[in-house]
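These notes are about the structure you will find just below.
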Amino acid sequence: MKSSRAAAPAAAPLAVVILAAGAGTRMKSRLPKVLHPLAGWPMVRHVIENASALRPAPRLVGVVAPGAEKVAAAFAPHAVVVQDKPLGTGHAARAALPALAGHRGPVLVMFGDAPLITTATLRRLVFAFAHTGASVGVLGFMAADPEPYGRLILSDGELEKIVESRDASFAERQVRLCNSGVMCISGALLPELLGAIGKRNAKREYYLTDIVAIARAAGHRTIAVTGEEAEFRGINSRAELAAAERALQQRLRRAALDAGVGMQDPETVWLAADTRLAPDVSIGPCVRFGPGVSVGAGSEIKAFCDIEGARIGRDTIIGPFARIRPGSVVADRVHIGNFVELKATRMGRAAKANHLAYLGDSVIGEASNIGAGTIAVNYDGYGKHRTIIGRDAFVGSNSSLVAPVRIGNGANVTAGSVITEDVPAGALAFGRARQVTKKGRASELRARLKARAGK
Amino acid sequence: MKSSRAAAPAAAPLAVVILAAGAGTRMKSRLPKVLHPLAGWPMVRHVIENASALRPAPRLVGVVAPGAEKVAAAFAPHAVVVQDKPLGTGHAARAALPALAGHRGPVLVMFGDAPLITTATLRRLVFAFAHTGASVGVLGFMAADPEPYGRLILSDGELEKIVESRDASFAERQVRLCNSGVMCISGALLPELLGAIGKRNAKREYYLTDIVAIARAAGHRTIAVTGEEAEFRGINSRAELAAAERALQQRLRRAALDAGVGMQDPETVWLAADTRLAPDVSIGPCVRFGPGVSVGAGSEIKAFCDIEGARIGRDTIIGPFARIRPGSVVADRVHIGNFVELKATRMGRAAKANHLAYLGDSVIGEASNIGAGTIAVNYDGYGKHRTIIGRDAFVGSNSSLVAPVRIGNGANVTAGSVITEDVPAGALAFGRARQVTKKGRASELRARLKARAGK
Amino acid sequence: MKSSRAAAPAAAPLAVVILAAGAGTRMKSRLPKVLHPLAGWPMVRHVIENASALRPAPRLVGVVAPGAEKVAAAFAPHAVVVQDKPLGTGHAARAALPALAGHRGPVLVMFGDAPLITTATLRRLVFAFAHTGASVGVLGFMAADPEPYGRLILSDGELEKIVESRDASFAERQVRLCNSGVMCISGALLPELLGAIGKRNAKREYYLTDIVAIARAAGHRTIAVTGEEAEFRGINSRAELAAAERALQQRLRRAALDAGVGMQDPETVWLAADTRLAPDVSIGPCVRFGPGVSVGAGSEIKAFCDIEGARIGRDTIIGPFARIRPGSVVADRVHIGNFVELKATRMGRAAKANHLAYLGDSVIGEASNIGAGTIAVNYDGYGKHRTIIGRDAFVGSNSSLVAPVRIGNGANVTAGSVITEDVPAGALAFGRARQVTKKGRASELRARLKARAGK
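Going line by line, the protein sequences match chains A, B and C.
For the first sequence, this note's numbering assigns the number 1 to the initial residue and increments by one for each residue that follows.
For the second sequence, this note's numbering assigns the number 456 to the initial residue and increments by one for each residue that follows.
For the third sequence, this note's numbering assigns the number 911 to the initial residue and increments by one for each residue that follows.
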């Protein structure tokens, strides 16, 4: 790969058009299809990121349906154009032309619902396109069952045409090389080629695939580049989305294992596309990573954890049954135990919260210990407030820390206290009633309760 | 299918006999085999429900072993007869005769430990039986490995006989069409045919399969109808039960996906046979549904939830790590967060309980907020009591609501309070001690604790 | 099998050498490879246990790398020798010679990173070795893809030689019988045979496999015994470790099912090698057993539990979402509910802790009830202390039991109490503030909070 990259012609600037205007009715969802989540990202973001990783960074244009503000937002900061009517892929690509004005380098046309295509595969297409001087390049794949796909008909090593399955001759139906839909097209020729696409077909739509025959007829070179079928599965239904999720998870898990991450059962670890796990991180069964998580070397994520938007340090132990929510930063050698929730909370080095606690909008200083059942009372019905705890503090079990509140370095809060005022460094704070014990009175109470229960 | 249903002969009333008297010793369980759970139901209930769905609703009789009260109860409200001794399937069917007195329509004989047979397959058998004027119809399947099964020997399009594997000739052993055990028999002939079954065989048992040869010998028409092998697996061991569970889950998951339910990893969503999920429900990894759950459109069940016997509204968010127990009704736009348990509790529209809480036997009014760590103290050791919270109330964190107790509309309970008396609407309730802070006293306490620990 | 065991020659004492000095760099871990966990044990412990189960119990020697104290510790109480330099398997085996001084019986040479080989397979090798009077016996397997393995070349029913893949002739490459690495060697000949191994090869290492040719050349009998390929997978990477874990889990799950344990989804039950589950235990999805757990008949472990180092009685119900930590002993008919953590705690017969509780270093007497949200405050920052609760006690919800503390038989602790002093039997203890309700004051508070939030 290195040598061929080195041999690449001086890279003309690249543009990418991502078609994302499809309705996706088979998803049966209010959410536009390309926004359905896949490994923690909206589906279309995978396409955007994988295309964006091409070097030099391409100019990128999304084509969206009218009124699809959320889809448009998913393309930010890239340009977005609106395809005013659903008149086919050729029509959609044409909608991008104004956004490509003046661009004469190659234009990669991709689909927002085919998120498994890797940057490496795209790079092979772009490289072959440049290297052969082609005007149109198409990504194809050898299909296990070619029946539903358009076939790529080769001739003398070039791509002669794309034949839809229903229009294929007997001989053409034997061809297993199928059309992925992804194309690389000369930017200089794009307006002309797209303009030549007609809609004389059953659906009265403009098919982008016609561009191959049009380019050939005009004497241009057209090529096919092959990739793995697994990368080209499109997503049209919930079942296909689940299958794509599974395929992507397998990739992510394998990469993590190869990087030295231990997992007792990789099949029950769900990673996000951007999860960053250092070597020697070890992960128990049933751990879900939402987007935006990094975990430092030597840390252990025990079984049954849910972690999202959090930076976790080295040699830290999380779980089992811990939930770390976005905005949390957990330092090195921290312990977060079972039934503990962190939200937008910083845990200092070697701090501990081992049992049944809610820490929200809080800062816990180094080596401080948060007792079982502690609640950072961060919400009063109107605003969220912060709890700031210093170093080496000790917060007794079942305490309620009513924010905004500060607990100083080395302070102690006794178990069961409600803390409503700041506790200075080194102070001892109580906020609980004194115990009163009434000898022999349990049986009387019990008799009363029993009577009330009608027993 | 529609046209053939239309062509069906005027439907004679149907009866169903379900044989459920087997010992199931290979399960190694105190629980009778047919009561072992499968997708949230006792195994035999799947058979009962799938048979009951035949139209017109059939008369249904269960055949159970002596003393099997729990099995009998599982058949309610259907009739149950007792097979006094375990003398084979023919003997078991004979036990049902009194309950079928006067019934002259077709009788479907099924097995309580073969729960995967669909209503559609049963309907095909019943229809073919009626349409061909057969006296005995048998469901068969093409077995991948026919070795262990009895073979259906056809002759001129009719079923000639059923040959047990060990009695089969060389030619018969090549036959892959196998006996599922499910039969449809003329009710008019049933007493006579069953009466003719003998027990001249190695086990000295009455085999229901002999009925085919008996009917043929008496000049009656006997037919075979084929179905998918996957539907006919019987369950005799824990491993087979687990395999059936897996097969059933795959069916249920696929149906949910096709209906527009999103699941990140369908393999770790466990549905009950009666789970009702609206389109655009989205479900994270590791969610278990017990029986009796419905979830409205647009709701999200996050990872690691356990939900049973609950009605959940639209656009509600549950989990992760939530447990909803039977008798709970959760309205629209509710939030139930992590480490929260609901038991027989109603959550009003837009109510929230986001962190570490137990709400039992409670009613939470619209838009009320239940703070982290709140406990509805519903049990006093003898009786269960109710906590009734109005609309727009605010229950501070770590509160204990000692039931029976009422908190009115718009009332506030401060964090850390123990509430033992009703709080009127609009009132502010405290039930906590005032904080006392002793400056500089933490080090003294720590020295004492350290000494006690011998450090 | 019985007859062949009966026919075994008078068993010469057996020795086992386990080579565990490999670096395991492909694991990318600070932890030595053979210590990575597999079904709850360090990998090498499986090898040690499976070899130790051979009868009569063999003398066992581990060969470890210099400075590998943790690996050495894993062999305790067995002998350990240090291989001073990594000069190949022959060199490693030679390091064990001093520890085998005087041993003239068979010596089984195994690898610490091949933990799936069963005792039954080892026994077959040892038996064949003794029965045939061989001097060297090698375990082989028919490989699906033999390419990467050394081949066992047989001749007249004996093992002629082991040929490395790269040195194999065309004919030898067709051989699918491959070398597992496991050997049985005559102890009397071992010093002489090992001494004859040279290092004239590409890597300049001493290969233990050369011993076959050396023994043959000296006129000794050498044999091959075959086993299943699945048992012989070595572990060199995280992915291979995960695959081995999966294989071992499948074995353990199948054995549990066969013993009468019910599992809704065995694929999401993770067992440890030593997990002991009685018949009629039933286990929900997503349950992880760490090492050292036993569960009595009729108990139910619901979904989402994590249990380690605990003895659980009969007819007890655990979970869902329960965590039982080491040192816990749970009696019969106990209920442990959701979001409950037990650590080094004894629960007496029919005791209950059904909701959100932490019980550490505690003893809960028979039939006592621990309310929701109860915390045993066992840690003061320096020492751990015990909470001792008698029989038939009732601890109200959200209580904090500040250890060391005792609560007597039949005592009641009211909900929300902080208990710092012992509660005698039959006493009623309060440790909470009285409720104060201020009518109509919620709106005033809310206005203030709203203003603070800037709303």
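Every residue gets a Cβ at the ideal spot worked out from N, C-alpha and C, and that includes glycine.
Since we're looking at a predicted model, the values are computed, not measured.
What residues in the stretch 705 to 725 of chain B have a beta carbon less than 9 Å from any beta carbon of chain A?
ARG708, ARG709, ALA711, LEU712, ASP713, ALA714, GLY715, VAL716, GLY717, MET718, GLN719, ASP720, PRO721, GLU722 and THR723
Using C-beta distances below 6 Å, list every residue in its chain close to ALA462 of chain B, excluding the 5 sequence neighbours before and after it, in chain order. Note that ALA462 of chain B scores 41 on pLDDT, short of 50, meaning its location in the model is unreliable and no value can be drawn from it.
| Among B:ARG621, B:MET638 and B:ILE640, which one has its Cα closest to the Cα of ALA657 of chain B? | B:ARG621
Could you tell me the boundaries of the beta strand (DSSP E) in which ILE407 of chain A lies? 405 to 407
message = Determine whether the beta carbon atoms of VAL71 of chain A and VAL64 of chain A lie at a separation below 8 Å.
response = yes
Item to check | Contact between the stretch 1299 to 1308 of chain C and the stretch 388 to 395 of chain A (3+ Cβ pairs under 8 Å) | outcome: no
Practice item. Could you spell out the range, first to last residue, of the alpha helix (DSSP H) harbouring VAL518 of chain B? Key: Where VAL518 of chain B is concerned, there is no enclosing alpha helix (DSSP H), although the beta strand (DSSP E) it sits in stretches over 514 to 519.
| query | Where do the N-terminal and C-terminal ends of the alpha helix (DSSP H) with ALA937 of chain C fall, by residue? | reply | The sequence shown places Met at residue 937 of chain C, rather than the Ala named in the question. Looking at the DSSP string, MET937 of chain C is not in any alpha helix (DSSP H), and its letter there is neither H nor E.
- Can you say whether PRO320 of chain A is buried or exposed, counting buried as having 16 or more other CB atoms within 10 angstroms of its CB? buried
Check your understanding: Listed from N- to C-terminal order along the chain, which residues in the stretch 819 to 848 of chain B have their beta-carbon within a distance smaller than 8 Å of any beta-carbon of chain A?
Key -> ASN824, GLY826, ALA827, GLY828, ASP835, GLY836, TYR837 and GLY838
Using only CA atoms, which one of C:VAL1244, C:GLY1291, C:GLN1174 and C:GLY1336 lies nearest to ASN1322 of chain C? C:GLY1336
| If we ignore side chains and look at the alpha-carbon of each, how far apart do GLU1210 of chain C and ALA1166 of chain C end up? | 14 Å
* Work out the CA separation of ARG1186 of chain C and THR1226 of chain C for me, nearest whole Å. => 15 Å
Item checked: Whole-angstrom distance between GLY739 of chain B and ILE375 of chain A, CA atom to CA atom -> 26 Å
Whole beta strand (DSSP E) elements within the stretch 277 to 361 of chain A, 3-residue minimum: 287 to 289, 305 to 307, 310 to 312, 322 to 324, 328 to 330, 335 to 343 and 352 to 360
field: Boundaries of the beta strand (DSSP E) in which ILE162 of chain A is found, first to last residue
entry: 158 to 163
DSSP three-state call for ARG1034 of chain C: helix, strand or coil?
helix
### Task
Could you name the residues of chain B that MET142 of chain A contacts, counting a contact when the two beta carbons are closer than 7 Å?
In chain order: nothing, as chain B lies at least about 28 Å away.
*For the alpha helix (DSSP H) that THR544 of chain B lies in, which residues bound it at each end?*
544 to 550
Going by DSSP, what residue range makes up the beta strand (DSSP E) through LYS1348 of chain C?
1346 to 1348
For LYS483 of chain B, I'd like the list of residues in its chain whose CB is within less than 6 Å of its CB, leaving aside the five on either flank, ordered along the chain.
none
**Message:** Measuring straight from C-alpha to C-alpha, what distance separates THR1028 of chain C and VAL1017 of chain C?
**Reply:** 17 Å
query = Among the residues of its own chain, which have a CB less than 7 Å from the CB of THR209 of chain A, if the five just before and after it don't count?
reply = GLY150, ILE162 and ASN179
Problem set entry | Contacting positions in the stretch 107 to 139 of chain A - beta carbon closer than 7 Å to chain B | none
Looking only at C-alpha atoms, which of A:ILE185, A:PRO66, A:ILE48 and A:GLU69 sits nearest to LEU539 of chain A?
Outside the modelled stretch of chain A, which goes from 1 to 455, sits residue 539 of chain A, for which no answer is possible.
task = With SER186 of chain A as the anchor, note down where its beta strand (DSSP E) starts and where it stops.
result = 177 to 186
Quick check on the DSSP output: the beta strand (DSSP E) that includes ILE1285 of chain C runs from which residue to which? 1285 to 1287
Exercise. Pull up the DSSP beta-bridge partners for THR842 of chain B, would you.
Key: B:SER817 and B:VAL860
Fill in: Which listed residue (B:MET802, B:ARG901, B:ALA728 and B:ILE473) has its alpha carbon closest to that of PHE744 of chain B
B:ALA728
Notebook entry, point to check: Between the beta-carbon of SER1327 of chain C and the beta-carbon of ARG1344 of chain C, is there less than 8 Å?
Noted result: no
ask   = Cα separation between LEU401 of chain A and THR420 of chain A?
value = 7 Å
MET953 of chain C at chain A interface by Cβ criterion, 8 Å:
no
For LYS352 of chain A, which residues of its own chain have a beta-carbon under 6 Å away from its beta-carbon, when the five flanking residues on both sides are left out? HIS335 and ASN369
Would you say CYS1094 of chain C reaches chain A, if we count a Cβ-Cβ gap shorter than 8 Å as a contact?
no
| request: For ALA1339 of chain C, name the three-state secondary structure that DSSP assigns. | output: strand
Fill in: Simplified DSSP state of ILE958 of chain C, which is helix, strand or coil
helix
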